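Residue numbers (our numbering): 140 to 360. Ideal placement from N, C-alpha and C gives every residue a C-beta, glycine not left out. Computed from a prediction, not measured in an experiment: that's the story for all the values here.
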Amino acid sequence: MTGLEKAVTLAGLSGDSKIQHRIWGHASMLAMQRRRYTDAVAAVEAAKNLSVSRRDPLFGSLTYARAAGTYSEAGEPAAALRNLGAAERAFERVDFAEERPSWMGFFDRAELEGLSALVRLDLGDFDVAESHLHRTLSLLRPDMLRNRAYYTAKLSFAQLGQGDVELATATMASVPSISPTAANSGRVRKLMDAFGKELGRVASGSSLHREWLDRNRKVSS
């Protein structure tokens with residue numbers, strides 16, 4: 140039995156649906172990273188059936204938003220959009236004065252907009268994704284620099300998907316100034332590399348592509 144399987148078992152034995160919610164969330168994300176979509180879907184559906192997801196709209200909204208992301212990556216757009224709508228409706232009913240675990244503090248309107256944008260990017264709805272990302276960036280707390288860098292990088296893909304090559308390149312080029320640490324490590328670095336490849340596909344040999352490659356080498360060095 141893996142560590143995560145043990146955690147799921149212990150969480151179930153605890154009878155604490157908030158802890159169960161957190162563990163199922165980790166289980167879903169791990170399954171997604173391994174591209175085990177059936178397992179990921181099973182995990183988010185288990186989270187949706189927890190009492191806390193039904194009782195507390197904030198937990199419910201997060202659960203539906205994660206389910207939407209899972210279904211979009213699994214290639215089920217109808218289910219993704221259905222869950223995204225449920226996430227939005229649940230969020231509108233949230234009472235933020237209610238006491239909750241500190242680890243739920245990350246999930247606010249900015250994060251819901253961001254998760255919605257990721258789903259729309261997966262589905263190729265680039266204009267809708269861009270709208271969500273602009274709202275995310277306008278709502279993010281000032282201290283959330285890593286998230287700001289990440290969502291700014293995602294914004295460049297939404298713009299590139301609409302053919303706005305110059306704007307997309309300028310957007311991605313702004314990421315290192317937002318958070319140099321994020322730009323040189325982890326998920327943002329991977330996004331910058333992926334952007335370079337996509338830019339090469341749609342604008343190979345252009346001055347923008349050459350400038351991007353030169354700038355990206357300097358950031359990496």
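In the DSSP annotation of this structure, the continuous segment of the alpha helix (DSSP H) that includes Gly339 starts and ends at Gly325 to Ala342. Setting aside the 5 residues that flank it on each side, Leu306 is surrounded in the same chain by Gln298, each with a C-beta closer than 6 Å to its C-beta; the list follows chain order. Excluding sequence positions up to five before and after Ala185, its CB lies within less than 6 Å of the CB of Trp163, all in the same chain and listed in chain order. Excluding residues up to 5 positions away in sequence, Leu276, Thr310, Ser313, Val314 and Ile317 lie with their Cβ nearer than 7 Å to the Cβ of Thr291 in the same chain. The beta carbon of Arg259 lies closer than 7 Å to those of Val267, Ala268 and His271 in the same chain, with the five residues before and after it left out. Approximately 5 Å separates the beta-carbon atoms of Val191 and Lys157; this is inside 8 Å, confirming the contact. The beta carbon of Asn222 sits closer than 7 Å to those of Tyr203, Ala206, Ala207 and Tyr210, all from its chain and outside the five residues before and after it, given in chain order.
Contact check for Gly199 and Ala179: beta-carbon distance about 18 Å, past the 8 Å limit, so the pair fails to qualify.
Taking each of Leu197, Val233 and Arg326 in turn and checking the Cα distance to Gln172, the smallest one comes out for Arg326. Taking the CA atoms as reference points, Arg280 sits about 22 Å from Leu330. Rounded to whole angstroms, the Cβ separation of Arg285 and Ala236 is 28 Å, and the two are not in contact under 8 Å.
Counting along the chain, the unbroken alpha helix (DSSP H) around Ser211 starts and ends at Pro196 to Glu212.
Beyond the five residues adjoining it in sequence on each side, His348 comes within less than 7 Å, by CB distance, of Leu338, Gly339 and Ala342 in the same chain, given in chain order. Here Pro319 is exposed. Its C-beta has fewer than 16 other C-beta atoms within 10 Å. When the beta-carbon positions are compared, Leu189 and Ala226 stay at least 8 Å from each other. Here Arg174 is exposed: its Cβ has fewer than 16 other Cβ atoms, across all protein chains shown, within 10 Å.
Between the beta-carbon of Gly300 and that of Phe265 there is about 3 Å, and that keeps the pair under the 8 Å contact cut. Exposed is the label assigned to Pro240, since fewer than 16 other Cβ atoms lie within 10 Å of its Cβ.
Closest in alpha carbon position to Asp332, among Arg194, Asp353 and Ala219, is Asp353.
Where Glu252 is concerned, the enclosing alpha helix (DSSP H) starts and stops at Arg248 to Asp261.
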